[in-house]
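Enquirer: Structure in structure tokens, see below.
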Amino acid sequence: MRHPSRARLAPFAAAAALLIPLAGCTGAEDGHGDGPDTGGAHGTPGAAGLRDPYFPHLGNGGYDVQHYALTLDYDPARDHLDATAEITARATQDLSAFNLDLTGLTVRRATVDGAEAAAERAGDELTLRPRDGIDRGKVFRTVVTYSGTPRKMTDADGSAEGWLKTKDGALALGEPAGSMAWFPGNHHPSDKATYDVTLTVPEGLRAFSNGVRTSERTVGGRTTAVWHSAQPMASYLATVAVGRWTTTTSTTPSGIPVLTAADPAVAAGSAALMRRIPELLAWEQENFGPYPFSSTGAIVEQDGDAGYALETQTRPVFPQGSFDVGTLVHEMAHQWYGDSVSPATWKDMWLNESFATYAEWLYGEDFEDTPAQRSFEKAFAEDANWAFPPAEPPTARDLFAPPVYQRGAMVLHKIRQTVGDDTFYEILAGWPAKHRHGNASTEDFTTYVEDVAGEDLSDLWDVWLYGDDKPAKP
Ligand code: ARG
Ligand code: ZN
7 MRHPSRARLA PFAAAAALLI PLAGCTGAED GHGDGPDTGG AHGTPGAAGL RDPYFPHLGN
67 GGYDVQHYAL TLDYDPARDH LDATAEITAR ATQDLSAFNL DLTGLTVRRA TVDGAEAAAE
127 RAGDELTLRP RDGIDRGKVF RTVVTYSGTP RKMTDADGSA EGWLKTKDGA LALGEPAGSM
187 AWFPGNHHPS DKATYDVTLT VPEGLRAFSN GVRTSERTVG GRTTAVWHSA QPMASYLATV
247 AVGRWTTTTS TTPSGIPVLT AADPAVAAGS AALMRRIPEL LAWEQENFGP YPFSSTGAIV
307 EQDGDAGYAL ETQTRPVFPQ GSFDVGTLVH EMAHQWYGDS VSPATWKDMW LNESFATYAE
367 WLYGEDFEDT PAQRSFEKAF AEDANWAFPP AEPPTARDLF APPVYQRGAM VLHKIRQTVG
427 DDTFYEILAG WPAKHRHGNA STEDFTTYVE DVAGEDLSDL WDVWLYGDDK PAKP
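Per my numbering, the sequence shown starts with residue 7, numbered consecutively.
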């Protein structure tokens, strides 16, 4: 990888924000913006990507988002979105320009701290150049007004994300990159922020999102709901679901409000499972520690609207077709593993899926007379789980492949066999407590486990986490 010096690139910055080269912004996150004065705004452009091993252009450097206030007006009949994104961020370097990730849609206007900013588009990058530059450490407010028909995106593995048209409205799914289809932002899991999402839809339809609904009212034939996420959220976990809904509310034994919304076509079929949320959440809290968010629930779509379930924060989405108690337990477990403790990069994805899969194994053990040992042996016997080591998916297409889930869960089971149940359960709850509402990497995890276990586990990591070959025996 090339590492050109910032000094060499700085002269280009003011003239051509569009050309912000990814590799040229090495160190931008902790840089001091000390490049030569370019005559206009001081500072240097923030990096156009965070060099994620799988998605190098995802996210942006030079700032850290604190809060998104999104105002979305959606008309399903025209599949048209009119929106404003108000982004509060802190500059981590002197910035002459910075990027937001956005795909499709038309940007009408952009301001930074109330003053018009030049906006340019190139691919999935929106570059904003404020007139005066932004000082390192400053908290600044960007407002982007945009509209259009949001895109459905196709992932490397062929599945659909982004903005999905449903039979009665729309559904936004964002893992790993789909949120750029409906709002401009720093769309890498490492930049978490709080959210307020205000959704307006034609009367008769309703819009659901993450967190707590703070108001909903109908005026002049349009219904507006306001959703608040008080705990930090990675943008891939943000969701919007517009349609007709059958809703239920309840409270968990520890007092967490539950709000579920099911498409009327599948509401009856999913009702029995929905009713189990409080009990399952209490069981997960016993094993994983305090629930990290202030609300919970689910969004259930009808067959064909979504191709998979997703752990959208506080309110996971389920496609009716694959909805069973294992899936419910899995997506609820992600609230600790993935949502509260989010991956540092997409390479750390196995940390999400291993724990969520292991939660299913634990459910089998506690509720269905299937010891985790048996689930482990079954996974061990399956060839597809050995295609590659879980911590090293060969390409972005493999991020959701069986080794990430099943072999990842096998790694956890090997830890359990090695350290014993007491220490293993301490790790299950201790890990999400240590990185609550933050980000963590594979190395953070292996270091943490060795600390708690008080022993060197390199052999376990070498064979089960990083090894190319299947071990001779389980
Ligand atoms: N993280 C989701 C789960 O709970 C799966 C997302 C699948 N997405 C995809 N692009 N294949 O397992
Ligand atoms: Zn999962």
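For every residue, glycine included, the Cβ atom is placed at its ideal position computed from N, Cα and C. The model shown is predicted, which means the values in this text are computed figures rather than measured ones.
Between the C-alpha atoms of ARG114 and GLY295, what's the straight-line distance to the nearest angstrom?
Expert: Your numbering for residue 114 matches position 108 in the sequence shown. Your numbering for residue 295 matches position 289 in the sequence shown. Computed Cα separation, rounded: 45 Å.
Enquirer: May I ask you to report which of helix, strand or coil DSSP gives HIS482?
Expert: Lying outside 7 to 480, the shown extent of the chain, residue 482 is not represented and no answer is given.
Enquirer: Let me know if SER221 comes out buried or exposed under the rule of 16 or more other beta-carbons within 10 Å of its beta-carbon.
Expert: Within the sequence shown, numbered from 1, the residue matching residue 221 stands at position 215. Exposed.
Enquirer: How would you label ALA199, buried or exposed, when you count the other beta carbons within 10 angstroms and need 16 or more for buried?
Expert: Position 193 of the sequence shown, counted from the start, is the residue given in the question as residue 199. Buried, by the Cβ-count rule.
Enquirer: Given this structure, state the Cα-to-Cα distance separating GLN482 from ASP163, to the nearest angstrom.
Expert: The requested residue 482 does not occur in the structure, where the chain is confined to residues 7 to 480.
Enquirer: Under the criterion of a Cβ to heavy atom distance below 8 Å, does SER491 qualify as lining ligand 1?
Expert: Outside the shown range of the chain, which is 7 to 480, sits residue 491, and nothing can be said about it.
Enquirer: Going by DSSP in three states, GLN379 sits in which element: helix, strand or coil?
Expert: Residue 379 sits at position 373 when you count from the first residue of the sequence shown. The answer is helix: DSSP assigns GLN379 an H, G or I state.
Enquirer: Cβ of TYR369 versus every heavy atom of ligand 2: is any distance shorter than 8 Å?
Expert: Here residue 369 refers to the residue found at position 363 of the sequence shown. Every heavy atom of ligand 2 is 8 Å or more from the Cβ of TYR369, so no.
Enquirer: Hey, would you say the C-beta of HIS234 is under 8 Å away from at least one heavy atom of ligand 1?
Expert: In the sequence shown, the residue the question calls residue 234 occupies position 228. Every heavy atom of ligand 1 is 8 Å or more from the Cβ of HIS234, so no.
Enquirer: In the DSSP assignment, what residue or residues form a beta bridge with VAL248?
Expert: Locating residue 248 in the sequence shown gives position 242, counting from the first residue. The partner list for VAL248 (beta bridge, DSSP) reads ALA176 and ALA213.
Enquirer: With respect to the beta strand (DSSP E) encompassing GLU456, which residues constitute its N-terminal and C-terminal limits?
Expert: The residue given as residue 456 occupies position 450 in the sequence shown. Note, GLU456: premise wrong, no beta strand (DSSP E); alpha helix (DSSP H) at 448-459.
Enquirer: Which residues have a Cβ closer than 5 Å to any heavy atom of ligand 2, listed in chain order?
Expert: GLU359 and ALA362
Enquirer: Report back the beta-carbon spacing between HIS234 and GLY217 to the nearest angstrom; my notes put them in contact at under 8 Å.
Expert: For the purposes of this step, residue 234 is taken as the residue at position 228 of the sequence shown. For the purposes of this step, residue 217 is taken as the residue at position 211 of the sequence shown. Yes, they are in contact, since the Cβ atoms of HIS234 and GLY217 sit about 5 Å apart, within 8 Å.
Enquirer: Using the three-state DSSP reduction, which class does ASN192 fall into: helix, strand or coil?
Expert: One-based indexing of the sequence shown puts residue 192 at position 186. If DSSP states are grouped into helix, strand and coil, ASN192 belongs with coil.
Enquirer: If contact is defined by three or more beta carbon pairs under 8 Å, each pair taking one atom from either stretch, is the segment 338-351 in contact with the segment 440-454?
Expert: yes
Enquirer: Going along the chain, which residues of its own chain have a beta-carbon closer than 7 Å to the beta-carbon of PRO238, five neighbours each way excluded?
Expert: If you number the sequence shown from 1, residue 238 lands on position 232. Non-local beta-carbon contacts of PRO238 in its own chain, meaning distances under 7 Å to residues more than five positions away in sequence, involve LYS198, ALA199, THR200 and HIS443 in chain order.
Enquirer: Quick check: the segment 273-292 against the segment 351-364, are there 3 or more CB pairs under 8 Å?
Expert: no
Enquirer: I need the straight-line Cα distance from ASN293 to PHE299, nearest angstrom please.
Expert: Your numbering for residue 293 matches position 287 in the sequence shown. Your numbering for residue 299 matches position 293 in the sequence shown. Roughly 16 Å separates the two Cα atoms.
Enquirer: Taking the alpha-carbon of ALA236 as reference, which of VAL425, THR151, GLN72 and ALA288 has the nearest alpha-carbon?
Expert: Residue mapping note: residue 236 aligns to position 230 of the sequence shown, counting from 1. The shortest Cα separation from ALA236 among VAL425, THR151, GLN72 and ALA288 belongs to GLN72.
Enquirer: Quick check on this structure: which residue in SER215, PRO396 and GLU456 has the alpha carbon closest to the alpha carbon of ALA267?
Expert: The sequence position of residue 267 within the sequence shown is 261, counting from 1. Of the candidates SER215, PRO396 and GLU456, the one whose C-alpha sits nearest the C-alpha of ALA267 is SER215.
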